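Right, one structure below, let's go through it.
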């Protein structure tokens, strides 16, 4: 990996800062009496602060099905940054609750666009053997934003001046958006999107720049009479995308009418829905309420919020090493096993703490430790898995559509969790988390049966795991254009017998250089 490719990947991973910072902000700011008092929040309306934000995320995520394919990855990042500035400005200047919530919705739209776009962008720029590592990098960046905003929340709590602390806290969202927009002028467009738009010359130049200085030297490639890696990748991407574009359907129609595509969409939607039903937003967003329920007061809840974010960040780091080396499935099973055990422990200790009339501090401490044990399990791979696995199982033709549907489903589920959690904690306490425990067990069984391993497989070759044709494998992508055209025609004939009998399939050009 050369320095330019590394910079592009680091830049794309910063898209996670939007969600990370805003999530930490939501967790911390509700602990400010000056904030909740100014807007006259009650337990019945406190959930709206998070739920309208996630409603905006759902809207934003849904739009990338159109925006990402129409305007490209980089341009859409710039659009979302502009929207984010507007939303953050409204929140910072809010004088009443409706103005604040409108700002939250607009900010959520911006976050939904960039947060769901960047994993796809990353997967299209990443080397096959590092996609898991890059997905972990996205998770780490999210946690940097989350932990940073939580510690900032503690720091701002010491400021005097009433409104100053929370207005500065909200206003700092603008900084991230401005820097992200400026950085977009230094990175490349996705080569796969360029090829899909038939801008092959640009795509070839991008791939050459991304892969300059690869470990396989040009001398080694010449010795084995091979064309450079970037040209082989270009040949493979072009052939696979041209084959996929032969389908008369596109977007949601293509995704739902073709069985192999439909299966992938179902897997993605299922994963994102049940990822949220692990209790992540119930614990994360309302941990301050849980800490107070378990007997903690003063600044301690805000301190533990910071510790939570830091622990999440620390646990995301080992995943960079293990996700590609051990594979997706083993890491997922480790993560979910810890989540199941810790959720069970939380329910048991919390129930016994309440039964003792909230006086047994040892049980309260054990419940707190269970929460952090849960975080170890979730932080291990769950975030990184979603950012890695979901874009890599989708073909280019429906990648934007599939990510839009997945993130929309994720945020709709999150809205439900965020809206009902504070009311549920107040009314049914620990019993609410039994729902999450049942969902976790179901999630584990379904994953074991239906989710294939994808580690270290080139994006264009993942299709074979779902019964689709792979036109050209990366190692065979040195063939002359005529051979590749014949393989596309054969693949298309296998997909639709008889459909290509009188049809000529033409690849615009496949450049091969010995």
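Numbering (the numbering used here), first residue to last: 1063 to 1576.
For every residue, glycine included, the Cβ atom is placed at its ideal position computed from N, Cα and C.
What you are looking at is a predicted structure, and each value in this text was computed from that prediction instead of being measured.
For this session: Kindly indicate the opening and closing residues of the alpha helix (DSSP H) around residue 1463.
Result: 1461 to 1490
- Query: How is residue 1219 classed by DSSP in three states: helix, strand or coil?
  - Reply: coil
> Rounded C-beta distance between residue 1374 and residue 1439? I'm assuming under 8 angstroms.
Replying inline: The pair is not a contact, with the Cβ atoms about 11 angstroms apart (cut-off 8 angstroms).
Alpha helix (DSSP H) runs contained entirely in the region 1104 to 1148, provided each spans 4 or more residues: 1105 to 1133
Drop a sphere of 10 angstroms on the beta-carbon of residue 1225, count the other beta-carbons inside from all chains shown, and report buried for 16 or more, exposed for fewer. exposed
*What number of angstroms, rounded off, separates the C-alpha of residue 1258 from the C-alpha of residue 1371?*
39 angstroms
Q) Would you call the CB atoms of residue 1223 and residue 1166 closer than 8 angstroms? A) no
**Q.** Euclidean distance between Cα positions of residue 1256 and residue 1262
**A.** 6 angstroms
Note to self: Assuming the contact rule is C-beta atoms closer than 8 angstroms, residue 1170 and residue 1128 should be a hit. Round their C-beta distance to whole Å, please.
What the structure shows: Not a contact, Cβ separation roughly 18 angstroms.
How about residue 1234 and residue 1364: do their beta carbons lie closer than 8 angstroms? no
Within 10 angstroms of the Cβ of residue 1425, are there 16 or more other Cβ atoms? Answer buried if so, exposed if not.
-> buried
Looking at residue 1484 and residue 1122, is the spacing between their C-beta atoms short of 8 angstroms?
no
>> If I follow the unbroken alpha helix (DSSP H) through residue 1271, where does it start and stop?
In response: 1262 to 1273
Q) Is it right to say residue 1191 is buried, meaning 16 or more other beta carbons lie within 10 angstroms of its own, or is it exposed? A) exposed
Q. Is it buried or exposed for residue 1420, if we count other Cβ within 10 angstroms and need 16 for buried?
A. exposed
Q) Is the region 1336 to 1348 touching the region 1494 to 1502, taking contact as three or more C-beta pairs under 8 angstroms? A) yes
| said: Using a 10 Å radius around the Cβ and a threshold of 16 neighbouring Cβ atoms, would you call residue 1472 buried or exposed? | reply: buried
Using 8 angstroms as the threshold, is the C-beta distance between residue 1184 and residue 1200 below it? yes
Item to complete: Can you tell me which of the three DSSP states residue 1068 falls into?
Response: helix
Is residue 1361 helix, strand or coil by DSSP? coil
Q. By Cβ distance below 7 angstroms, which residues in the same chain neighbour residue 1526 in space, the five residues on each side in sequence not counted?
A. 1532
- Local Cβ density within 10 Å of residue 1075, reported as buried at 16 or more and exposed below that: buried
Under 6 angstroms Cβ to Cβ from residue 1078, same chain only, skipping five residues before and after it: list those, please.
1200, 1203 and 1204
In three-state terms, what does DSSP make of residue 1175? helix
Residue 1493 versus residue 1086 - alpha carbon distance
26 angstroms
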